Amino acid sequence: MSNSMWGGRFSEGPAAIMEEINASIGFDQKLYRQDIAGSKAHAAMLARQGIIGADDAEKITAGLDAILREIEAGEFKFSRALEDIHLNIESRLKELIGDAAGRLHTARSRNDQVATDFKLWVRDTIDAMDLALRDLQVALADKAFAHAGQVMPGFTHLQSAQPVTFGHHMLAYVEMIGRDRGRFQDARRRLNENPLGAAALAGTSFPIDRFQTAQALGFDRPTANSLDSVSDRDFVIEALAAASLCAIHLSRFAEEIVIWSSAQFRFIKLSDKFTTGSSIMPQKRNPDAAELVRAKTGRIIGAQTALQIVMKGLPLAYQKDMQEDKEQAFDAFESLELAIAATTGMVLDMEPEAATLKKAAGSGFATATDLADWLVRELNMPFREAHHVTGRIVAIASERGVELTKVTLAEMQAVHPAITDAVYSVLTVDKSVRSRTSYGGTSPKNVRSQAKRWQRALAREMKA
Ligand code: ARG
1077 MSNSMWGGRF SEGPAAIMEE INASIGFDQK LYRQDIAGSK AHAAMLARQG IIGADDAEKI
1137 TAGLDAILRE IEAGEFKFSR ALEDIHLNIE SRLKELIGDA AGRLHTARSR NDQVATDFKL
1197 WVRDTIDAMD LALRDLQVAL ADKAFAHAGQ VMPGFTHLQS AQPVTFGHHM LAYVEMIGRD
1257 RGRFQDARRR LNENPLGAAA LAGTSFPIDR FQTAQALGFD RPTANSLDSV SDRDFVIEAL
1317 AAASLCAIHL SRFAEEIVIW SSAQFRFIKL SDKFTTGSSI MPQKRNPDAA ELVRAKTGRI
1377 IGAQTALQIV MKGLPLAYQK DMQEDKEQAF DAFESLELAI AATTGMVLDM EPEAATLKKA
1437 AGSGFATATD LADWLVRELN MPFREAHHVT GRIVAIASER GVELTKVTLA EMQAVHPAIT
1497 DAVYSVLTVD KSVRSRTSYG GTSPKNVRSQ AKRWQRALAR EMKA
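For the numbering used here, add 1076 to where a residue sits in the sequence shown, where the first one is 1.
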């Protein structure tokens, strides 16, 4: 049997394998809400423009509402023979309201319909990501404020570099997540033009009003070129690009959680809520949630790459290739949402181990830069020379197997006679972080005020 929706010139049905490769209903049923909203806006516009009768538009609207209820109640029977969500809904509409259903597709094509549906879905998803990321920022800013003065080692090359504070480290991620949110918001702004009414590719001869449907669906304006309207998948790729970068940030944090919670570091404690045991090694507390957040990045970047490869080299306008835009995007955003929620959970759960952090902060000659800066400031030494002198003092400490504070004044004066015992005052970790008061620096005072600034901005946002 040929397809009842488009089978006018077909005498035979598709081969089973054709149906299998062609059908998208298995995944695009996720778009049912957007599809129904788009159809309702379209029908109302057609009636207002006198293209279909008001009575038909009413029947269509009532029928679509009934279908929405059926789908939400789990009573709707999706059919693979009907290919996709658009034809499944239209076919059911015909069963429910009869011939009036056939008027809905006037001045429209599945090409502009699917572009509209998917844009609406991506838009909703961007909003959901933004909210989830805001919650993560709140959790991070609160942690930062609570531990603004907690010293810890700061690393470069994963070698002890200079002491920083735990709060400062948390705020680094608040900044990164802030940029991620900005990218999602940018993508949303560019996305928000209505493709509906571009029809198959060339527009339509019916006197439609695309501004009406744009407004009804919350778009800023209609898209300006019908060919572009049905061929554009930039909006998905751009949202996936924002998702990829966000996932990269989450995975970097996840990696730090894995390192920090290891027995060798013990910088933080994660409770039983975010760790698992081993079936064979009783001592273990594995940071599985962090590891999985780190790993989800692969499928999110994969989805972006996959769609970029699908789109590359496609001629205008719609090509069936573009049906491959959805499945991996759905998966990617579902994964990202889960990763964000798990990260927020871990931030709320983690407790910095104060004593370990403090001890680690002072090891590895972490205050060597403070010593060099002291030589510059107090002895008016050029920084390069101060670096050299400090290096020789570090070598003494290293040979003796002690920290810088334990190098004697006599030993220091052997390297440079002008050094006085005032130098010891800058060699402690607390002094070191307290001195880093330059804008954006790690001093507890700075961190407290930056954390407050974020807490206030986020609270204001939540009230708005
Ligand atoms: N299921 C299709 C997709 O997701 C809808 C558009 C199909 N258009 C067409 N002319 N066959 O891309």
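Positions of the beta carbon are idealized from the N, C-alpha and C atoms, including for glycine. Given the structure is predicted, the values throughout are model-derived calculations rather than measurements.
- With contacts defined by Cβ atoms closer than 8 Å, residue 1212 and residue 1423 form a contacting pair.
- Counting only the Cα atoms, residue 1459 lies some 43 Å from residue 1317.
- Looking at the backbone, the Cα of residue 1350 and that of residue 1078 are separated by about 54 Å.
- By the criterion of a C-beta distance shorter than 6 Å, residue 1250 is surrounded in its chain by 1213, 1216, 1217, 1530, once the five residues flanking it on both sides are discounted.
- Under DSSP, residue 1230 shares a beta bridge with 1238.
- Cα atoms of residue 1348 and residue 1390: separation of roughly 50 Å, rounded to the nearest angstrom.
- Taken through DSSP and simplified to helix, strand or coil, residue 1356 comes out as coil.
- Only residues of its own chain outside the window of five on either side were considered, and among them 1158 have a CB closer than 6 Å to the CB of residue 1167, listed in chain order.
- Residue 1092 and residue 1149 have their C-alpha atoms some 30 Å from each other.
- Apart from the 5 residues on each side of it in sequence, residue 1227 sits with its Cβ closer than 7 Å to the Cβ of 1239, 1241, 1433, 1434, 1437, 1505, 1506, 1509 in its chain, given in chain order.
- Nearest neighbour of residue 1453 by Cα position, chosen from 1283, 1394, 1495, turns out to be 1495.
- For residue 1489, the enclosing alpha helix (DSSP H) covers residues 1485-1491.
- Of the residues 1101, 1266, 1162, the one whose Cα lies closest to the Cα of residue 1300 is 1266.
- DSSP places residue 1151 outside both helix and strand once states are collapsed to three, so it counts as coil.
- Beta-bridge partners of residue 1297 (DSSP): 1269.
- With 16 or more other CB atoms across the displayed protein chains lying within 10 angstroms of its CB, residue 1260 is buried.
- Straight-line measurement puts the Cα of residue 1082 at about 25 Å from the Cα of residue 1126.
- The C-beta separation of residue 1462 from residue 1376 comes to about 46 Å, leaving the pair out of contact by the 8 Å criterion.
- Three or more beta-carbon pairs drawn from the region 1280-1292 and the region 1115-1123 are found closer than 8 Å, and the two stretches are therefore classed as touching.
- Take the alpha-carbon of residue 1403 and the one of residue 1095: they are about 17 Å apart.
- Looking at 1346, 1087, 1445, the one whose alpha-carbon comes closest to that of residue 1427 is 1346.
- With contacts defined by Cβ atoms closer than 8 Å, residue 1379 and residue 1415 do not form a contacting pair.
- Per DSSP, reduced to three states, the secondary structure at residue 1284 is coil, with no helix or strand assignment.
- Under a 10 Å Cβ-count criterion, residue 1097 is classified as exposed, with fewer than 16 other Cβ atoms of the shown protein chains found around its own Cβ.
- Residue range 1092-1098 is occupied by the alpha helix (DSSP H) that includes residue 1094.
- Taking C-beta atoms as the reference points, residue 1272 and residue 1139 fail to come closer than 8 Å.
- Inclusion of residue 1503 and residue 1443 in the CB contact set at 8 Å is warranted, their separation being smaller than that value.
- Cα atoms of residue 1333 and residue 1208: separation of roughly 20 Å, rounded to the nearest angstrom.
- Cβ-Cβ distances below 7 Å link residue 1107 to 1161, 1193, 1194, 1197 in the same chain, with the five nearest sequence neighbours on each side left out; the list follows chain order.
- For residue 1463, the enclosing alpha helix (DSSP H) begins and ends at 1459-1476.
- Around the C-beta of residue 1164, 16 or more other C-beta atoms lie within 10 Å, and the residue is accordingly described as buried.
- Between residue 1224 and residue 1243, the C-beta spacing is below 8 Å.
- For the pair residue 1132 and residue 1176, the CB atoms are nearer than the 8 Å cut-off.
- In this model, residue 1457 and residue 1521 are separated by some 29 Å (Cα to Cα).
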